[in-house]
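Keeping their order, the protein sequence lines are chains A and B.
Going by the numbering used here, the first sequence opens with residue 176, and the numbers climb by one from there.
Going by the numbering used here, the second sequence opens with residue 259, and the numbers climb by one from there.
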Amino acid sequence: MALRNHSGVIASLAALAALLLAWGGNPYIMSITIAALMTGGVALAWALLGNLGGMVSFGHAAFVGAGAYVSALCTLRLGVPVPVGIVLGALGAALSAIVMLPALRLRGPYFALAILAYAHIFRIAATEWTSVTRGAAGLSAIPALPVLPGLDAKASACLLAGLLVLGFALAYRAIRASHAGLALRAMHDSEDATRVLGVNSTLLKGLMLLVSSAMAGAIGAFNAHYIGFLEPDYAFGAMWVTLPIVAAIFGGYRTLAGPVIGALVVSLADQLLFKEWLPIGHQFLLGVLLVAMILAHPSGLLPLAGNVLRRLRPGGNGKGGGHA
Amino acid sequence: MTELLLQALYSGLLQGGAYALIALGLALVFGTMKIINLAHGELVLMAAYVAYAAESALGWHPLAAIVLALPATGLTAAGMHWTVSRIRADREINSLLLTFGFAVVLTNGFLMLWSADVHSTSSAWLQDALVLGPLYSMHSEALSFAISLALLAGLWWWLARSWHGRALRAVAANRDCAMLMGIAPGRTELLSFVLAGALAAFAGVALYCHGVIQPALGGALTVKAFIITVLAGLGSIPGVLAAAILLGICEALTVTLASSALQELTGMVLFLVVLFVLPNGLFGTARRRG
């Protein structure tokens, strides 16, 4: 059992090491992998809120942007070291989520669009508050990520991004396995029944929002130091919402590995194929993919693959999905 | 200053008429199916692009393009209903994601077909000034306001009096009970979608006549429509009109008194305030959400 618990971690680390050994010197492959991993991080944060908290958010760009701006400003203006800046970015994003906590008493579409409203407000604030954020002119010369010894800048960033996403996955798994995780899973079936049993559902959902926002904020901060430039329309852009959602749904948002695997597949397909086929409006195919997944198999590919494997295995009955 | 304020109130009023049409389509579908169509703004934009294509490629007057826009948005809306009604599990979450997917598809479709450039009508008459005492507007704004009011009044009458309109309200109130009364809920839901598409056709052609269009506008239109639906509360057409005019006026006042960059912020703040302070909207009857 102990080995089974760690097999995912070991496999991820091995895949990361193999990737660096094979293509560590190729800046193009490294940069598309980093972009895919960052999509995976946001997809995981989104899926955590969706799976454990039962809430769909169209406003995760708010957290990505808040984390990016907090970290960039702390390192630029206050001289804080970059790793500390990323932690502060995550905390800043969680702090920004506190103003959204009243939205938790809303459900379904109301919550989804209230969060979207917050994301718009944040973007407008970042654009208009020029004395701090320099507005639409943007922040440039943001301090770069530290480079790990023995690696070049891209390979080092790729390793760090991989470890960050792995850390998210471990945190997600720990939450899911905890008492709170059990209560949250019960809430998915019936929130009212869970409340009757004495679970403070609003508190738990609020905590999930904070964890999810901190994860998205850390990714935003990491990205800000990786590319070294920020402007409001990019930091709070719609692509921080579309790509992670498609990735999480594609992989299976109720599983742990689904959002990350989905992000790697979807993000690489978007970069390598979709942009090749449709130089303008390549997100068209992302939308088609999302529609097709929701209609054909809304729980995603990973549970589907699990079912197929179970059916193939002798003695398997093919019952039960890969539900978390 | 007084003149500026009066002008802002007047412009907001006219803009509100156009917003009401968009919001009503969203509210109709939300009423019957309890889902928010996140691609509703894109339906409106589709009609606007049809008007643009009819004007630029065929040389039509943009107002005549309604003949093409109605079937385009109506059929698209029917297609959306067909896919949404196929969702079985987790309907609330999956319908949001599905219509979000449609919004992404349509936005990028417009981008591919008509590029990211902004377009507006080249008809001089539509853009000429209509002067009413101290108040100015374009011909197109006044015309679209009048058409909006006529459509809203017609729809109000239809919902209140006609058999199909009453069936639609019955399904919105209680789907199972309506079915027991001999109403086919599936067909009624389809009707609400197609009606939303038809309203979007008028709203889109009006949008093209008095404004500029670009592919990314759809999302903002959906959000505005949702804001108005929340402001109005559910189940009243005069409420939707009043909320739409309120939003239009607040936006116009923000532009006049502060800056046009904050225009979008007004709606968002209004939305959040109403959501937290008056969860049943300004005109809605008390009802539990979710």
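Built from N, CA and C at the ideal position, the CB exists for glycine as well.
Per DSSP, the bridge partner or partners of residue i
i	result
Ser395 (chain B)	B:Leu388
Ile471 (chain B)	B:His377
Ser315 (chain A)	A:Phe404
Chain B within 7 angstroms of residue i, Cβ atoms only
i	result
His295 (chain A)	yes
Pro152 (chain A)	Limits of chain A in this structure are 176 at one end and 499 at the other, which puts residue 152 (chain A) out of reach.
Pro454 (chain A)	no
Phe449 (chain A)	no
Leu465 (chain A)	yes
Gln446 (chain A)	no
Ile273 (chain A)	no
Pro434 (chain A)	no
Pro277 (chain A)	yes
Phe411 (chain A)	no
Phe459 (chain A)	yes
Within-7 angstroms CB hit, residue i to chain A
i	result
Phe541 (chain B)	no
Leu504 (chain B)	no
Leu530 (chain B)	yes
Gly491 (chain B)	no
Met304 (chain B)	no
Leu282 (chain B)	no
Met291 (chain B)	no
Phe460 (chain B)	no
His377 (chain B)	no
Ile294 (chain B)	yes
Phe534 (chain B)	yes
Leu264 (chain B)	no
Met439 (chain B)	no
Asn538 (chain B)	no
Glu300 (chain B)	no
Asn366 (chain B)	yes
Met259 (chain B)	no
Met523 (chain B)	The residue you asked about is not Met; residue 523 (chain B) is Leu in the sequence shown. Chain A, which has a Cβ nearer than 7 angstroms to the Cβ of Leu523 (chain B), makes this yes.
Val498 (chain B)	no
Val362 (chain B)	yes
Nonlocal neighbours in the same chain, by C-beta distance under 6 angstroms from residue i, ignoring five residues either side
i	result
Ser388 (chain A)	Phe238, Ala268, Ala269 and Ala272
Lys494 (chain A)	The predicted position of Lys494 (chain A) is uncertain, since its pLDDT is 45 and thus under 50; no value can be drawn from it.
Ile350 (chain A)	Gly356
Leu390 (chain B)	none
Gly270 (chain B)	Gly506, Ile507 and Ala510
Met390 (chain A)	Ala220 and Phe343
Gly289 (chain B)	Ala430
Leu188 (chain A)	none
Integer-rounded CB distance, given that residue j should sit under 8 angstroms from residue i
i	j	result
Leu212 (chain A)	Gly337 (chain A)	6 angstroms
Phe484 (chain B)	Ile294 (chain B)	6 angstroms
Val302 (chain B)	Ala458 (chain B)	5 angstroms
Val532 (chain B)	Gly539 (chain B)	7 angstroms
Ala422 (chain A)	Gly215 (chain A)	7 angstroms
Ala292 (chain A)	Met526 (chain B)	4 angstroms
His397 (chain B)	Leu407 (chain B)	About 16 angstroms separates the two Cβ atoms, so there is no contact after all.
Gly274 (chain B)	Ile441 (chain B)	Not really, about 33 angstroms apart at Cβ, beyond 8 angstroms.
Val231 (chain A)	Ile351 (chain B)	5 angstroms
Gly455 (chain B)	Ala306 (chain B)	That pair is no contact at about 14 angstroms.
Ser402 (chain B)	His468 (chain B)	6 angstroms
Cut-off 8 angstroms between Cβ atoms - residues of its own chain near residue i, not counting five sequence neighbours on either side
i	result
Ala361 (chain B)	Leu296, Ala297, Gly299, Glu300, Gly476, Gly477 and Thr480
Pro496 (chain B)	Trp414 and Phe541
Val376 (chain B)	Val470, Ile471 and Gln472
Gln521 (chain B)	Glu509, Thr512 and Val513
Ala177 (chain A)	Confidence in Ala177 (chain A) is poor, its pLDDT being 49 and thus under 50, which makes the residue's placement unreliable; the coordinate value appears in the next sentence. Result list for Ala177 (chain A): empty, nothing under 8 angstroms.
Leu453 (chain A)	Phe459 and Leu460
Leu409 (chain B)	Leu279, Leu457 and Phe460
Neighbourhood of residue i by C-beta, 7 angstroms cutoff - its chain only, sequence neighbours within 5 removed
i	result
Phe529 (chain B)	Ile485 and Val488
Thr365 (chain B)	Glu300, Pro473, Ala474 and Gly476
Lys450 (chain A)	His457
Tyr244 (chain A)	Ala301, Thr308, Leu405 and Ala410
Ala358 (chain B)	In the sequence as presented, Ala is not what sits at residue 358 (chain B); that position holds Phe. Cβ within range, chain order: Leu296.
The ligand COA heavy atom lying under 6 angstroms from the CB of residue i
i	result
Leu359 (chain A)	Among the components modelled here there is no ligand, and therefore nothing to report on the ligand COA.
If you measure beta-carbon to beta-carbon, which residues of the segment 318 to 346 of chain B are closer than 8 angstroms to chain A?
Thr341, Arg344 and Ile345
Contact set between the segment 397 to 413 of chain B and chain A, restricted to residues whose Cβ is under 9 angstroms from the partner
none
Please list the residues of the segment 281 to 294 of chain A that have a C-beta atom closer than 7 angstroms to any C-beta atom in chain B, keeping them in chain order.
Leu281, Arg282, Gly283, Pro284, Tyr285, Ala287, Leu288, Ala289, Leu291 and Ala292
Any residues in the segment 461 to 488 of chain A with a beta carbon nearer than 9 angstroms to a beta carbon of chain B? Which ones, in chain order?
Within the segment 461 to 488 of chain A, Leu461, Gly462, Val463, Leu464, Leu465, Val466, Ala467, Met468, Ile469, Leu470, Pro473 and Ser474 place their CB atoms closer than 9 angstroms to a CB of chain B, listed in sequence order.
Taking a cut of 8 angstroms between CB atoms, which residues from the segment 348 to 359 of chain B lie near chain A?
Asp348, Glu350, Ile351, Asn352, Leu354, Leu355, Leu356, Phe358 and Gly359
Anything in the segment 465 to 491 of chain B with a Cβ closer than 7 angstroms to a Cβ of chain A? List those residues in chain order, please.
Val481 and Phe484
Which residues of the segment 382 to 398 of chain B have a Cβ closer than 9 angstroms to any Cβ of chain A? Give them in chain order.
From the segment 382 to 398 of chain B, no residue has a Cβ closer than 9 angstroms to chain A.
Output needed in chain order: residues of the segment 230 to 252 of chain A with a Cβ under 8 angstroms from some Cβ in chain B.
Val231 and Phe233
Residues of the segment 507 to 520 of chain B whose Cβ lies closer than 9 angstroms to any Cβ of chain A, in chain order
Ser517, Ala519 and Leu520
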